[in-house]
Amino acid sequence: MTGPDGTAAPGSGAPGPNSLVIDGSTLNCGDVVRVARGGVPVTVSPDAMKAVHLSYETACAASSARPVYGRTTGVGANRDAVVGTSDAETHDLRLLLSHAAGVGEPLDDDVVRAAMLIRLNQLAAAGSGIHPRFVTALETALLGDAVPVVHDGGSIGTGDLSGLAEIALALTGHLRWGRGAVPPIPLAPGDALAFLSSNAITLARAVLAGEELGRLLQAAHTVTALSYCALGGSPEAFAEVVHARRPHPGAVRAAARMRQLLWHEGDLSPGRRIQDPFGLRAFPQVHGPALDSVDQLRRILQIEVNAAAENPLIDVATGGVFHHGQFSTAYAALALDHLRAAVHHVAELSAARLGDLVEPEYTGLAPFLAGGPAGSSGVMILEYVAHDALGRLRHSAGPVTMGTSVISRGVEDHASFTPHAARSTAAAAGNYRTVLACELVAAVRALRLAETAPHGRLLAASFSELDGLLPEIVADHPLGPEVELAAGAIDGLAGPT
Numbered sequence: 011m012t013g014p015d016g017t018a019a020p021g022s023g024a025p026g027p028n029s030l031v032i033d034g035s036t037l038n039c040g041d042v043v044r045v046a047r048g049g050v051p052v053t054v055s056p057d058a059m060k061a062v063h064l065s066y067e068t069a070c071a072a073s074s075a076r077p078v079y080g081r082t083t084g085v086g087a088n089r090d091a092v093v094g095t096s097d098a099e100t101h102d103l104r105l106l107l108s109h110a111a112g113v114g115e116p117l118d119d120d121v122v123r124a125a126m127l128i129r130l131n132q133l134a135a136a137g138s139g140i141h142p143r144f145v146t147a148l149e150t151a152l153l154g155d156a157v158p159v160v161h162d163g164g165s166i167g168t169g170d171l172s173g174l175a176e177i178a179l180a181l182t183g184h185l186r187w188g189r190g191a192v193p194p195i196p197l198a199p200g201d202a203l204a205f206l207s208s209n210a211i212t213l214a215r216a217v218l219a220g221e222e223l224g225r226l227l228q229a230a231h232t233v234t235a236l237s238y239c240a241l242g243g244s245p246e247a248f249a250e251v252v253h254a255r256r257p258h259p260g261a262v263r264a265a266a267r268m269r270q271l272l273w274h275e276g277d278l279s280p281g282r283r284i285q286d287p288f289g290l291r292a293f294p295q296v297h298g299p300a301l302d303s304v305d306q307l308r309r310i311l312q313i314e315v316n317a318a319a320e321n322p323l324i325d326v327a328t329g330g331v332f333h334h335g336q337f338s339t340a341y342a343a344l345a346l347d348h349l350r351a352a353v354h355h356v357a358e359l360s361a362a363r364l365g366d367l368v369e370p371e372y373t374g375l376a377p378f379l380a381g382g383p384a385g386s387s388g389v390m391i392l393e394y395v396a397h398d399a400l401g402r403l404r405h406s407a408g409p410v411t412m413g414t415s416v417i418s419r420g421v422e423d424h425a426s427f428t429p430h431a432a433r434s435t436a437a438a439a440g441n442y443r444t445v446l447a448c449e450l451v452a453a454v455r456a457l458r459l460a461e462t463a464p465h466g467r468l469l470a471a472s473f474s475e476l477d478g479l480l481p482e483i484v485a486d487h488p489l490g491p492e493v494e495l496a497a498g499a500i501d502g503l504a505g506p507t
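For the sequence shown, the working numbering assigns the number 507 to the last residue and increments by one with no breaks.
What follows is the structure, given as structure tokens:
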């Protein structure tokens, strides 16, 4: 298949068995994570490429018949300024150059790869009217692991204009690549806005942060189960009959996972206390909302990464052009705010269980799980480390959706600040990982000191791996390396999602 310019259409070859086929409608969060990590070949389906060609032809026809924002006009408050359609190398290039602010730190390669994939898939949804060679160039860059330098700043939730301008300028040969490169492509009329009109970078960060939190929340079941064993918890708090009486989905799932980890061969041994501290007893009720929040974020992001949300929308079916507000990402911003708040509550319970683990009244062991002479500090410092991370998480959990802005001479008078929500969510994930790692180090140490390894098949296997990973040192010693080891091991504890 060839395009209108006579060039071969990308995606026309047969995809490999491990490749990801882009069709503009079926990309999911797991796909984004896999490509972000590198090594996954990406190809565009022939049907998607055909749709992109038709969208481009429709945009060209519409631009010759009526005003089209960003194609025959300026942008923002310049929406009424008429521009020619024959000077793309000046008007479209000026638009890209003027929007590439390039402030802030460069984004990590995994975020940029994820953003390029999302933008490629959105363009494959065929609503932008962009020239097909931009799709070819993005596909080629992903196949060759070429990654442009993209900076963090300049986006407020109405389109990642600055960062996407940098990607477009790299594709057209006007800005440098961080690694690799692809042959530069020329601009056609309307290409600049068609490429910029997206929140792909913000969505990439949201996907990566949301999926990391999803793994951490799943792993927290195992960490909590280890603490439960060390603390001699009561099984009554996780009983199916209890959660059937108030069946919030996440809480039901959390309790079921705890039963799966803790109850084996019908063993319902009573706990040491008639009622456990909240860190154990209220775990499903606090953990459940966070699980539900991850699910809700995934549902929203699934729609976003497959959306033809460019303004204006070029509709091939009707030949129409529709100016709209699909650039607003309020759904994602609110979901990210909700998730961070829920994770903060979960992290508080982890820190509370850590406090229980260093208390002899709950474990029957020495204060701070010390194993040396009287006055030894044991894991005392872990509470400081955990509460430092919890404090940082608390700062990042604050809502960003309470702010707004009025810019471009008053024409653009609302913003979701979703990029800030995604950035804060990534920070929250890192800090929650630290809190959970501190609890994990203490739980493993307590089980070792008590010589009571878990008996259940799943939990025993996890404990065995951790027992072989974390050094067994009784005397006081620096704990930082152990926290780092535990933090790296947490993803392996996630189990089923």
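No residue lacks a Cβ here, since even glycine has one placed at the ideal position from N, Cα and C.
- In this structure the region 478 to 496 lies against the region 370 to 384, because at least three pairs of beta carbons, one per stretch, are closer than 8 angstroms.
- By the Cβ rule, the region 140 to 159 counts as touching the region 174 to 184, because three or more pairs are nearer than 8 angstroms.
- In this structure, the straight-line span from the alpha carbon of residue 462 to that of residue 168 is close to 55 angstroms.
- Residue range 30 to 32 is occupied by the beta strand (DSSP E) that includes residue 32.
- In this structure the region 58 to 65 touches the region 324 to 343; the number of beta carbon pairs closer than 8 angstroms is three or more.
- At least 7 angstroms separates the beta-carbon of residue 117 from that of residue 439.
- By a beta-carbon distance limit of 8 angstroms, residue 109 contacts residue 206. Their separation comes to about 6 angstroms.
- For residue 189, no alpha helix (DSSP H) encloses it; the enclosing beta strand (DSSP E) starts and ends at 187 to 189.
- With a 10 Å radius around the Cβ and a threshold of 16 neighbouring Cβ atoms, residue 472 comes out buried.
- Across the set 226, 136 and 254, the C-alpha of 226 shows the shortest separation from the C-alpha of residue 501.
- Of all alpha-carbon atoms in 386, 164 and 61, the one lying nearest the alpha-carbon of residue 133 is that of 61.
- Taking 4 residues as the minimum length, the alpha helix (DSSP H) runs contained wholly in the region 341 to 385 are 370 to 373, in order along the chain.
- In the DSSP assignment, residue 41 falls within the unbroken alpha helix (DSSP H) covering 39 to 47.
- Distance between residue 361 and residue 144, taken at the CA atoms: about 49 angstroms.
- With fewer than 16 other beta carbons inside 10 angstroms of its own, residue 100 counts as exposed.
- Under the three-state reduction of DSSP output, residue 294 falls in the helix class.
- With distances taken between CA atoms, residue 228 lies nearest to 261 out of 151, 247, 261 and 257.
- Here DSSP, grouped into helix, strand and coil, assigns residue 161 to strand.
- With a minimum length of 3 residues, the unbroken runs of beta strand (DSSP E) contained wholly in the region 309 to 343 fall at 323 to 325 and 330 to 332.
- Taking residue 344 as the centre and dropping the five residues before and after it, the same chain places the C-beta of 411 closer than 7 angstroms to its C-beta, in chain order.
- 242 is the residue among 126, 317, 301 and 242 whose C-alpha sits nearest the C-alpha of residue 367.
- In this structure, the CA atom of residue 355 is about 21 angstroms from the CA atom of residue 503.
- If you look at residue 150, you'll find it isn't in any beta strand (DSSP E); it sits in the alpha helix (DSSP H) that goes 142 to 153.
- Here residue 92 is exposed, its C-beta having fewer than 16 other C-beta atoms within 10 Å.
- For residue 262, the enclosing alpha helix (DSSP H) covers residues 259 to 272.
- A straight-line Cα-Cα distance of about 16 angstroms links residue 246 and residue 237.
- Residue burial is scored here from C-beta neighbours: residue 394 has fewer than 16 other C-beta atoms within 10 angstroms and is therefore classed as exposed.
- Beta-bridge partners assigned by DSSP to residue 54: 32.
- About 32 angstroms separates the CB atoms of residue 470 and residue 218; that is not less than 8 angstroms, and the two are not in contact.
- Taking all protein chains shown into account, residue 215 has 16 or more neighbouring C-beta atoms within 10 Å of its C-beta and is therefore buried.
- Distance check between residue 478 and each of 468, 466, 495 and 467 places 495 closest, using alpha-carbon atoms only.
- Of the other Cβ atoms in all chains shown, 16 or more fall within 10 Å of the Cβ of residue 231; this residue is therefore buried.
- Two segments are said to touch when three or more pairs of C-beta atoms, one from each, lie closer than 8 angstroms; by this definition the region 50 to 59 touches the region 126 to 141.
- 7 angstroms or more divides the Cβ of residue 452 from the Cβ of residue 311.
- Distance check between residue 441 and each of 467, 468 and 497 places 497 closest, using alpha-carbon atoms only.
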